[in-house]
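Everything on this sheet refers to the single structure shown next.
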Amino acid sequence: MKAYEIRESFGLDNLVLVERDDPEPGPHDVVVDVAATSVNYRDLLTVLGHYNPRQPLPLVPFSDGVGRVTAVGSDVTRVAIGDRVCGIFNQHWLAGPFVASLRAGTLGGPLDGMLAERVCLSEEGVVPVPEHLTDDEAATLPCAGVTAWSALFEEGRLQPGETVLVQGTGGVSIFALQFAKAAGARVIVTSSSDAKLERATRMGADETINYIAKPEWDKEAKRLTNGRGVDHVVEVGGAGTLSRSLNAVRVGGHIAVIGILSGTSHEVDVIPILMGRLRLNGIMVGSRSTFEMMAMAIQAQRLRPVIDRVFSFDDAPEALRHMQGASHFGKIVVAGPTG
Ligand SMILES: NC(=O)c1ccc[n+]([C@@H]2O[C@H](COP(=O)([O-])OP(=O)(O)OC[C@H]3O[C@@H](n4cnc5c(N)ncnc54)[C@H](OP(=O)(O)O)[C@@H]3O)[C@@H](O)[C@H]2O)c1
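If you read the sequence shown in the working numbering, its first letter stands for residue -14, the second for the next number, and so on.
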C-alpha cells in the first residue's frame, strides 16, 4: 500500500511516497481504507521537525483522516466492516480528564498517522462520522473540530448570548465560529484579510476586526462590547497575541490557550490575569467522548466543515506548502490515494 513517510530527516522535501506492507489487524484492531485526510498546523510543524525534533523516523504524518473499515480483528465488537470512521487524534484518550501518560497516543507523531492508503487502529480509537458529511468534510473533524468544541463547550462552558472572539480564519477558528453561532453566541472574528472577514460575515460572524489594520484589536474588542470585554477568546496566536487576549476578555472571562502561530514565548503581565480573575485553559484537542458529543451536534445541526481546497494524494506536500502560505480559509484536505 501507498504511504507518505518523513524519511531520514525533517523537511517538506523529505516527505516521500513509499510502498509499505498492508497492515494486519490484531484481535482488537480495525483496518481503515483512508478516503481523505486533512492538514493541521501541527502536521506542518511535525514535517518541518519543529514539533518534536526527537521524533523517531520514519513517520507517517497527519493526525486526521476518514475511511471505511475493511478488516476487523477476531475480537472486535465496537465497529464492523463497512463502517465509515475517523481515527481519534489521541488513540489513548477515550474519556475523562487528560493525564500525562496519554501524551504518547497521538496520530501523526509519535504514532504513525493517516497519510496512507490503509491504517490499522485500535477499535477503541475510531468514531463513526455524521452521515451527511462527505469524506472530505469528515476528514477535518478529529483535531481542529474537536479542539474548537473542547475550547468552547468542555472548558469554556459557553452559554447562548455570550461573546466569543476567534483569532484568524484557519481550521480551528472557523470551526469555533460555526459552533459558537450554532450555540447562540455572538462572535467576533479577527483576520489579516478583509476578504476573509467578509467571508466570515457571510457565515454569521457578528463583528470583524482586521488585526493588521487595527493592531490594537483588543481595544476594538472592548469597544464592541461596550467596554466590558468578550466572554471567551479562542487563542490560536500564542506568544504574539496572548497579552492582547488578556486585555480583550471581560473580568472572569475565559481564554482557551490553543495555538502557537506567532511563537511560544513572550513576556506576559500577570496582573490582568489575577485582577481580572481570568480563566486560562490549555487545550490538547479532546477525548473520544468529546469527539462523539461534537459529532452528535454536527449531525443535529447539519453543520458542514468549511474546506478551502482539496489536494490529490500525490500533491500532499503541496497541501502543506499551501498551509505554510496561510492564504487558506478553514480546512485543507488531501484526498486518499483512490479518491
Ligand atoms: N492545543 C491544541 O489542541 C491544538 C489543536 C489544533 C491546533 N492547535 C494550534 O492552533 C493553531 C491554529 O491551528 P490551525 O490548524 O487552525 O491553523 P491554520 O489553519 O494554519 O490557521 C492559520 C490562520 O491563523 C491566523 N493567524 C496566524 N497568525 C495569527 C495571529 N498572530 N493573530 C491572529 N490570527 C493569526 C491566520 O488567519 P488570517 O489569514 O485570517 O489572518 C492564518 O491564516 C496552531 O498553532 C496549531 O498548532 C492546537
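Just so you know, even glycine gets a beta-carbon here, dropped at the ideal spot from N, CA and C.
Note that this is a predicted model, so its numbers are computed, not measured.
Cα-Cα separation, Ser158 to Gln40: 28 angstroms
Close-in-space but distant-in-sequence residues of the same chain around Ser178 (CB under 6 angstroms, 5 per side omitted): The same chain holds no residue with a CB closer than 6 angstroms to that of Ser178 once the five nearest residues on each side in sequence are set aside.
Closest by C-alpha distance to Thr91, when choosing among Val45, Ser59 and Thr62: Val45
8 angstroms Cβ cutoff met for His217 and Leu143: yes
Segment contact flag, the segment 9 to 27 with the segment 123 to 137, C-beta cutoff 8 angstroms, min 3 pairs: yes
Cβ pair count under 8 angstroms reaching 3, the segment 147 to 154 against the segment 218 to 230: yes
Close-in-space but distant-in-sequence residues of the same chain around Asp120 (CB under 6 angstroms, 5 per side omitted): Ala20, Ala21 and Val51
Simplified DSSP state of Tyr26, which is helix, strand or coil: helix
Element boundaries [beta strand (DSSP E), containing Thr113]: Residue 113 is actually Pro in this sequence, not Thr. Pro113 -> beta strand (DSSP E) spans Val111 to Pro113.
Chain D within 8 angstroms of Arg262, Cβ atoms only: In summary, chain D is missing from the structure at hand, where a single protein chain is found.
C-beta atoms of Met269 and Phe47 nearer than 8 angstroms: no
Straight-line Cα distance separating Lys316 from Phe(-5): 23 angstroms
Inter-stretch contact (C-beta, 8 angstroms, three-pair minimum) for the segment 202 to 218 and the segment 226 to 233: yes
heavy atom of ligand 3 below 7 angstroms from Asn37 C-beta: With respect to small molecules bound, the structure shown includes ligand 1 and not ligand 3.
Thr193 - partner residues in DSSP beta bridges: Val174
Between the CA atoms of Leu246 and Asn37 - distance to the nearest angstrom: So the alpha carbons of these two residues sit roughly 16 angstroms apart.
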